[in-house]
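Remarks on the structure that follows.
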């Protein structure tokens with residue numbers, strides 16, 4: 001998920017870097033307030049820990065191996081703010097020393113892996129943990145949190161890739177940076193994460209937290225209860241952000257159907273033919289069906305389906321948690 | 001003397017039997033791979049901080065600042081000519097370095113460039129050869145530039161540069177600790193992985209669970225280390241604040257370096273903005 005330089009435009013990198021500044025400031029402040037001075041070195045050692053965690057190879061079915069990112073794990077162990085700083089430093093080391101991830105793209109990489117991943121993962125974990133009080137509930141929280149964290153981070157990376165051809169073109173209409181638009185970048189990034197990396201991350205996180213709980217209970221970060229409210233804000237923000245996908249008006253570059261591509265215009269010349277690879281190739285559009293509801297303007301359709309999706313998720317969680325509570329009660333009674 | 005005779009007789013039967021135990025083959029690629037990647041990281045950091053590596057005789061602050069400038073220009077430019085000029089310039093610098101370092105740098109930059117090329121291939125099939133060539137060459141150049149920087153500079157010096165660029169102390173402290181503790185925690189973890197390997201004779205079914213145990217122990221150990229470190233800091237009166245004592249002083253090599261980079265900027269203004 002480490003984005004190298006030149007895949008993203010400098011403007012995108014600047015925006016992502018600017019977006020990270022308040023996050024970093026808030027994290028430093030929060031860590032200074034929350035963590036006693038004795039534990040400040042823990043941030044550094046935590047960064048070393050997160051760096052080494054990425055070196056662990058976990059066997060995958062089929063004989064190959066993969067590695068976890070461990071962002072959610074760090075957030076559960078150290079708290080999300082400390083995790084943000086630790087992962088940032090680990091990413092900086094990777095960019096400068098191992099050329100893993102770009103220098104300009106550092107802000108974007110931090111946004112995905114040091115902000116979205118640990119915070120989302122942690123809040124989902126906390127959300128479920130506070131509602132489902134059983135031990136199983138906590139493990140479900142850990143698994144879902146880490147799974148969702150890494151997948152949403154991958155989705156963010158995909159969106160960053162995908163908006164490049166929409167926003168940055170030269171005079172002839174060719175994309176200057178990553179040439180693949182959202183309809184390709186999103187499935188290309190999210191499918192492997194949904195199927196493989198997310199599962200690895202979830203299994204690894206649950207296994208380690210279980211181990212630490214068994215060996216040394218009480219070392220795990222206990223966040224304040226009121227923080228869980230933040231997830232509602234986060235969900236609301238995500239709903240508001242969904243129309244971002246409609247940023248580009250008209251059919252986006254690379255998103256033509258095969259019938260449209262004939263008429264598409266390149267620097268004044270009508271293309272006039274269908275590239276062979278396209279008419280024969282896999283149709284990516286089928287994987288991501290348009291989220292538009294007929295008879296509604298596109299933005300409204302997007303918002304509506306986002307709201308419905310979130311509502312369904314919340315309902316599901318509520319049902320699961322009420323179910324769990326009943327079980328606990330029946331055991332006591 | 002009689003005693004020893006008796007002992008031989010007393011020896012249990014099973015000890016005298018020849019055994020033909022062949023341990024079952026077990027897969028431990030993931031342990032081996034983890035060991036290798038840990039070793040790689042530790043070796044890389046250790047060479048970085050040893051004084052042996054080739055030094056470019058240029059001020060570190062300039063080097064970091066101009067490498068950053070180069071990467072921005074590379075990213076901004078739309079001219080293939082400019083990218084080629086930069087590539088040639090970087091290859092010339094590379095040619096002055098030691099063979100060992102050249103191999104290390106090129107391995108990553110060629111690998112990444114090739115990966116990019118493969119990723120961009122479908123775009124070529126659509127008739128967009130521009131991004132394939134441009135992005136591949138740009139990636140090669142920027143990764144080589146960072147490689148040259150990181151292979152010719154000590155980490156402690158880069159930290160001092162960060163301080164000059166007004167990065168908050170807490171980040172520098174965290175970075176400093178992280179670099180040192182990657183090596184220490186890494187050594188510790190390596191030993192655990194070795195013992196896991198040595199102690200699993202034949203088929204070891206709980207190997208996968210052991211891996212999470214190793215990672216968990218690593219976390220607990222890191223907590224302990226952090227506490228010890230705080231007391232060490234306290235004893236030595238270190239509060240986590242950094243001060244720079246050396247003043248910026250330029251040598252002839254620095255002026256030449258500045259001139260070259262101004263030249264690059266002018267080339268960018270002339271060709272690069274097309």
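Chains as they are written, first to last, in my numbering: chain G, 1 to 333; chain Y, 1 to 274. Idealized CB from N, CA, C, for every residue including glycine.
Residue 194 of chain Y, enclosing alpha helix (DSSP H) - first and last residue: On the second chain, residue 194 of chain Y is found 194 positions in, with the first residue counted as 1. Residues 169 to 199.
Residue 89 of chain G and residue 80 of chain Y closer than 8 Å at C-beta: For the purposes of this step, residue 89 of chain G is identified with residue 89 of the first chain, where counting begins at 1. For the purposes of this step, residue 80 of chain Y is identified with residue 80 of the second chain, where counting begins at 1. No, they are not a contact pair.
Nearest-angstrom Cβ-Cβ length linking residue 341 of chain G and residue 185 of chain Y, presumed shorter than 8 Å: There is no way to answer for residue 341 of chain G, as the model of chain G reaches only from 1 to 333.
Check whether residue 16 of chain G and residue 108 of chain G have beta carbons under 8 Å apart: Residue mapping note: residue 16 of chain G aligns to position 16 of the first chain, counting from 1. Residue mapping note: residue 108 of chain G aligns to position 108 of the first chain, counting from 1. Yes, these two residues count as a Cβ contact at 8 Å.
Cut-off 7 Å between Cβ atoms - residues of its own chain near residue 157 of chain G, not counting five sequence neighbours on either side: One-based indexing of the first chain puts residue 157 of chain G at position 157. Here the set comprises 1, 3, 112, 189.
Reference residue 118 of chain G; option with closest CA among G/145, G/169, G/164, G/53: Position 118 of the first chain, counted from the first residue, corresponds to residue 118 of chain G. Cα-wise, what sits closest to residue 118 of chain G is G/145.
Contact list for residue 360 of chain G against chain Y, beta-carbon separation under 7 Å: Lying before the first or after the last residue shown, residue 360 of chain G is absent from chain G, which here runs from 1 to 333.
Collapsed DSSP secondary structure at residue 10 of chain G in the structure displayed: As a working note, residue 10 of chain G is residue 10 in the first chain. Helix.
Cα-Cα separation between residue 93 of chain G and residue 163 of chain Y, rounded to whole angstroms: The count along the first chain starts at 1 and reaches residue 93 of chain G at position 93. The count along the second chain starts at 1 and reaches residue 163 of chain Y at position 163. Approximately 16 Å between the Cα atoms of the pair.
Cβ pair residue 42 of chain G, residue 226 of chain Y closer than 8 Å: Here residue 42 of chain G refers to the residue found at position 42 of the first chain. Here residue 226 of chain Y refers to the residue found at position 226 of the second chain. Yes; because the gap between Cβ atoms is below 8 Å, this pair is in contact.
Contact under 8 Å by Cβ, residue 168 of chain G with residue 180 of chain G: For the purposes of this step, residue 168 of chain G is identified with residue 168 of the first chain, where counting begins at 1. For the purposes of this step, residue 180 of chain G is identified with residue 180 of the first chain, where counting begins at 1. No.
Helix, strand or coil at residue 122 of chain Y according to DSSP, with G and I counted as helix: Along the second chain, one-based indexing puts residue 122 of chain Y at 122. DSSP places residue 122 of chain Y in helix when its eight states are reduced to three.
CB contact check: residue 207 of chain G to chain Y, cutoff 8 Å: Taking the first chain and counting its residues from 1, the one referred to as residue 207 of chain G is at position 207. Closer than 8 Å to some Cβ of chain Y, the Cβ of residue 207 of chain G qualifies, so yes.
Within-8 Å CB hit, residue 1 of chain G to chain Y: For the purposes of this step, residue 1 of chain G is identified with residue 1 of the first chain, where counting begins at 1. False, the Cβ-Cβ gap to chain Y never drops below 8 Å.
Start-to-end residues for the alpha helix (DSSP H) that takes in residue 17 of chain Y: Locating residue 17 of chain Y in the second chain gives position 17, counting from the first residue. Counting along the chain, residue 17 of chain Y falls outside any alpha helix (DSSP H), and DSSP gives it neither H nor E.
Sheet register partners of residue 175 of chain G (DSSP bridge): Here the question's residue 175 of chain G lines up with position 175 in the first chain. Residue 175 of chain G pairs with G/169.
Residue-level contact to chain G via CB, residue 128 of chain Y, 8 Å cutoff: Locating residue 128 of chain Y in the second chain gives position 128, counting from the first residue. With 8 Å as the cut-off, residue 128 of chain Y counts as an interface residue toward chain G.
Beta-carbon gap between residue 68 of chain G and residue 201 of chain G smaller than 8 Å: On the first chain, residue 68 of chain G is found 68 positions in, with the first residue counted as 1. On the first chain, residue 201 of chain G is found 201 positions in, with the first residue counted as 1. Taking 8 Å as the Cβ cut-off, residue 68 of chain G and residue 201 of chain G qualify as a contacting pair.
Inter-residue spacing [alpha-carbon to alpha-carbon] between residue 198 of chain G and residue 231 of chain Y: Counting from one through the first chain, the residue named residue 198 of chain G turns up at place 198. Counting from one through the second chain, the residue named residue 231 of chain Y turns up at place 231. Cα to Cα, residue 198 of chain G sits roughly 39 Å from residue 231 of chain Y.
8 Å Cβ cutoff, residue 10 of chain Y in contact with chain G: Here residue 10 of chain Y refers to the residue found at position 10 of the second chain. Closer than 8 Å: no.
Beta-carbon gap between residue 178 of chain Y and residue 44 of chain G smaller than 8 Å: Walking along the second chain from the start, residue 178 of chain Y turns up at place 178. Walking along the first chain from the start, residue 44 of chain G turns up at place 44. In this structure, residue 44 of chain G lies closer than 8 Å to residue 178 of chain Y by Cβ.
Any C-beta of chain Y under 8 Å from that of residue 96 of chain G: Reading the first chain from its first residue, position 96 is the one you call residue 96 of chain G. Judged by the 8 Å Cβ criterion, residue 96 of chain G is in contact with chain Y.
Distance, residue 200 of chain Y Cα to residue 162 of chain G Cα: Stepping through the first chain from its first residue, residue 162 of chain G is reached at position 162. Stepping through the second chain from its first residue, residue 200 of chain Y is reached at position 200. Each residue's Cα considered, the two are about 47 Å apart.
Distance between residue 18 of chain Y and residue 10 of chain Y (C-alpha atoms, nearest Å): For the purposes of this step, residue 10 of chain Y is taken as residue 10 along the second chain, with counting starting at 1. For the purposes of this step, residue 18 of chain Y is taken as residue 18 along the second chain, with counting starting at 1. Straight-line Cα distance between these residues: approximately 17 Å.
Three-state secondary structure assigned by DSSP to residue 245 of chain Y: Within the second chain, the letter at position 245 stands for residue 245 of chain Y. In this structure, residue 245 of chain Y counts as coil in the three-state DSSP scheme.
Cβ of residue 44 of chain G within 8 Å of any chain Y Cβ: Along the first chain, read from residue 1 onward, the residue named residue 44 of chain G stands at position 44. It does: the Cβ of residue 44 of chain G has a partner Cβ on chain Y nearer than 8 Å.
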